[in-house]
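Numbering (this note's numbering), first residue to last: 73 to 479. Note that the Cβ used here is the ideal one computed from N, Cα and C, for glycine as well. On a predicted model such as this, the values are computed, not experimentally measured, just so you know. A short write-up of the structure that comes next.
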Amino acid sequence: MLTNARLSDGSLVNVRISHGRISSIETASGGPSSRAVVDLGGWLLLPALAEPHAHLDKALTAELVPNPAGDLQGAIDNWIAAAVAGKITYEGIIERAVAAMELLLVRGTTAVRTHVNVMAGAGSLTTRAIREAARSFEGLLEIQIVGLCGLPMIGSEGAGTRAALAESLAAGLDVVGGCPHLETDGPAAIDVAIEAATEAGIGIDLHVDEMLDPSVLTLRDLARRVIDTGFAGPVAASHCVTLGMQSAAVQTEVAELVAEAGIAVFTLPQTNLFLQGRDSPTATPRGLTAVRALTDVGVLVGAGGDNVQDPFNVVGRSDPLETAALMVMAGHQTPEEAYHMVSNAPRRAMGLDPVTMTVGDPADFLAIDAPSIRGAIADAPMSRRTFRAGRLVASIDQHSTVHRSPT
């Protein structure tokens, strides 16, 4: 039982947990119980955080793989050069991924979806490395692995990439990914992903339109291909930056197609704010998708941290509350909307039950020493407790002292 937990509506409650789920929520009456008890002392109890789009195979490599230009092509070029030079090793990927997972867990995250490179000639190396890193988090983190297929994945030239994808699927990929907007034939690349996912009985999560060119709108192609093929698996589209560059009418038209296709969208403020707009010194675009147009027609929109301290984003704290703060400031969401985008929205998109603080819900929680959702996002205090299936799995405490000179 969790006692003296403060819900977002301000009520002070005790939460009973049985078999990893909420069995009852009662008004806090004080006093100990004979059951196992964690007294939260009035801390705010919220649905656990979820990270729907990470790159754990690249995390924490900012010093190892610098990107002086700071743009997307510079990041790609320097990553390839580092790989060719032998700097990206199997053991190094595991070590850094474990560190990144620990950071996410301690901050209140219980579910992570990570993309990993699937490249011709590399086989299943990154998939196996992340799967190995994930083993030490069994029962702590729900980890889903997306195979980010390299270019090309179509035609005879894409045979090596498709072979690497097949090998990676056998090694434990959960979702098929790729970058159709960078292919010479985007719809054909989407079809390759759908075919592979259908055969494997899994979903797809594609990098889509990660650029500012309004003439590129692969998201529309993706929605149409999902509808036309009748693909039954879950579908997510990450980034979708160029939708934010369209007129209101086009945004609505595409959003309605996305809703019809049942596609979830992940907007990724950290990396897109870092990479996009460097060639537009005047009225610099923010590099975010059209969040309001999507949510207005019922599209499930989550927000992720994407790259963390690597050449694609040299900063980042592995904290979804940082993502939520950016969605408030750059995405103009309310704090409550922003928190939903880093908790239950991605959980739903990842096929996990949401945590709505009602009986029967999973007991995945973030307890945080904050007065409200707004306060948690604003200050991101590092006094937190992470619960997975009702079990305390991580804790961290923040201590501050002001040393004044004696008068």
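### Task
Please classify S83: is it buried, with 16 or more other beta-carbons within 10 angstroms of its beta-carbon, or exposed?
What you label residue 83 is simply residue 11 of the sequence shown in a count that begins at 1. Counting every other CB atom within 10 Å of its CB across the protein chains shown gives S83 a total below 16, marking it as exposed.
### Query
Which class does A243 belong to by DSSP, given the choice of helix, strand or coil?
Along the sequence shown, read from residue 1 onward, the residue named residue 243 stands at position 171. Three-state result, A243: helix.
### Query
What do you get for E123, buried or exposed, if any count of 16 or more other CB atoms within 10 angstroms of its CB means buried?
Here residue 123 corresponds to residue number 51 of the sequence shown, with the count starting at 1. It is buried - the Cβ of E123 has at least 16 other Cβ atoms within 10 Å.
### Message
Measuring only the C-alpha atoms, how far is R168 from T198?
### Response
Working through the sequence shown from its first residue, we reach residue 168 at position 96. Working through the sequence shown from its first residue, we reach residue 198 at position 126. As the crow flies, the alpha-carbon of R168 is around 12 Å from that of T198.
### Task
Tell whether a beta-carbon distance below 8 Å holds between P119 and S415.
Taking the first residue of the sequence shown as 1, we reach residue 119 at position 47. Taking the first residue of the sequence shown as 1, we reach residue 415 at position 343. It is a contact, given that the beta carbons lie within the stated cut-off.
### Query
Are V188 and L237 close, meaning C-beta to C-beta below 8 Å?
Numbered from 1 along the sequence shown, position 116 holds the residue referred to as residue 188. Numbered from 1 along the sequence shown, position 165 holds the residue referred to as residue 237. No, they are not a contact pair.
### Task
Alpha carbon to alpha carbon, how far is A410 from A461? Give it in angstroms, no decimals.
Sequence index remark: in the sequence shown, residue 461 carries index 389 (1-based). Sequence index remark: in the sequence shown, residue 410 carries index 338 (1-based). If you take the alpha carbons of A461 and A410, they lie about 24 Å apart.
### Query
Span of the alpha helix (DSSP H) holding V156?
The residue given as residue 156 occupies position 84 in the sequence shown. Note, V156: alpha helix (DSSP H), L144 to V156.
### Pick from F209, V190 and G244 that is closest to G225, judged by C-alpha positions
For the purposes of this step, residue 225 is taken as residue 153 along the sequence shown, with counting starting at 1. Note on identity: in this sequence residue 225 is Met, with Gly being the wrong assignment. Ranked by Cα distance from M225, the first of F209, V190 and G244 is V190.
### Task
Give the straight-line distance between the Cα atoms of R463 and S90, rounded to the nearest whole angstrom.
In the sequence shown, the residue the question calls residue 463 occupies position 391. In the sequence shown, the residue the question calls residue 90 occupies position 18. In a straight line, the C-alpha of R463 is about 10 Å away from that of S90.
### Meets three-Cβ-pair contact criterion under 8 Å: the region 353-363 and the region 380-397
no
### Message
A442 and L116 - do their beta-carbons sit closer together than 8 Å?
### Response
Here residue 116 refers to the residue found at position 44 of the sequence shown. Here residue 442 refers to the residue found at position 370 of the sequence shown. Taking 8 Å as the Cβ cut-off, L116 and A442 qualify as a contacting pair.
### Task
State the Cα-Cα distance for the pair N150 and R207, rounded to the nearest angstrom.
Here residue 150 refers to the residue found at position 78 when the sequence shown is read from its first residue. Here residue 207 refers to the residue found at position 135 when the sequence shown is read from its first residue. Rounded to the nearest angstrom, the two C-alpha atoms are 30 Å apart.
### Query
Rounded to a whole number of angstroms, what is the C-alpha to C-alpha distance between A108 and V87?
For this step, residue 108 is matched to residue 36 along the sequence shown. For this step, residue 87 is matched to residue 15 along the sequence shown. Computed Cα separation, rounded: 12 Å.
### Message
Between M422 and Q216, how many whole angstroms is the CB-CB distance? I'm expecting something under 8 Å.
### Response
Along the sequence shown, read from residue 1 onward, the residue named residue 422 stands at position 350. Along the sequence shown, read from residue 1 onward, the residue named residue 216 stands at position 144. Contact flag correct, Cβ pair sits at about 6 Å.
### Query
With R179 and D391 assumed to form a contact (beta carbons below 8 Å), what rounded beta-carbon distance in angstroms separates them?
Here residue 179 corresponds to residue number 107 of the sequence shown, with the count starting at 1. Here residue 391 corresponds to residue number 319 of the sequence shown, with the count starting at 1. The Cβ separation is near 5 Å, so the contact holds.
### Buried versus exposed call for P478 [16 or more other C-beta atoms within 10 Å across all chains shown]
In the sequence shown, residue 478 corresponds to position 406, counting from 1. Burial call: exposed.
### Task
Taking S101 as the reference, give the member of S455, G92, T428 and A77 with the closest Cα.
The residue labelled residue 101 in the question sits at position 29 within the sequence shown. It is A77.
#### Entry: G193, buried or exposed, once every other Cβ within 10 Å from all chains shown has been counted against 16
One-based indexing of the sequence shown puts residue 193 at position 121. Exposed.
### Query
Using a Cβ-Cβ cut-off of 8 Å (strictly less than) and excluding sequence neighbours within five positions of T489, which residues of its own chain qualify?
Residue 489 lies beyond the residue range present for the chain, which begins at 73 and ends at 479; the question has no answer from this structure.
### Task
Could you check the C-alpha separation between G432 and L424 for me, to the nearest Å?
Locating residue 432 in the sequence shown gives position 360, counting from the first residue. Locating residue 424 in the sequence shown gives position 352, counting from the first residue. In a straight line, the C-alpha of G432 is about 13 Å away from that of L424.
### Query
What residues match up with D119 in a beta bridge as DSSP calls it?
Counted from its first residue, the sequence shown places residue 119 at position 47. This sequence places Pro at residue 119; Asp is not what is there. According to DSSP, which records beta bridges pairwise, P119 is partnered with F437.
### Query
Between the beta-carbon of A295 and the beta-carbon of L340, is there less than 8 Å?
Here residue 295 refers to the residue found at position 223 when the sequence shown is read from its first residue. Here residue 340 refers to the residue found at position 268 when the sequence shown is read from its first residue. Not closer than 8 Å, so no.
#### Entry: Sheet register partners of Q216 (DSSP bridge)
Here residue 216 refers to the residue found at position 144 when the sequence shown is read from its first residue. Answer is R185.
### Query
Who are the Cβ neighbours of C251 in its own chain at under 6 Å, not counting the five residues just before and after it?
Reading the sequence shown from its first residue, position 179 is the one you call residue 251. The residues are H279.
### Task
Look at the alpha carbon of V380 and the alpha carbon of L177, and state the distance between them as a whole number of angstroms.
The residue you call residue 380 lines up with position 308 of the sequence shown. The residue you call residue 177 lines up with position 105 of the sequence shown. The straight-line gap from Cα to Cα measures roughly 15 Å.
#### Entry: Nearest candidate by alpha-carbon position, reference L315, set V298, A171, V288 and A265
To locate residue 315, count along the sequence shown from 1; it is residue 243. In terms of Cα proximity to L315, the closest of V298, A171, V288 and A265 is V288.
### Query
For R476 versus D143, is the C-beta distance shorter than 8 Å?
Mapped onto the sequence shown, residue 476 falls at position 404. Mapped onto the sequence shown, residue 143 falls at position 71. No.
### Query
Any idea what DSSP makes of T395, helix, strand or coil?
Position 323 of the sequence shown holds residue 395. T395: helix per DSSP, three-state reduction.
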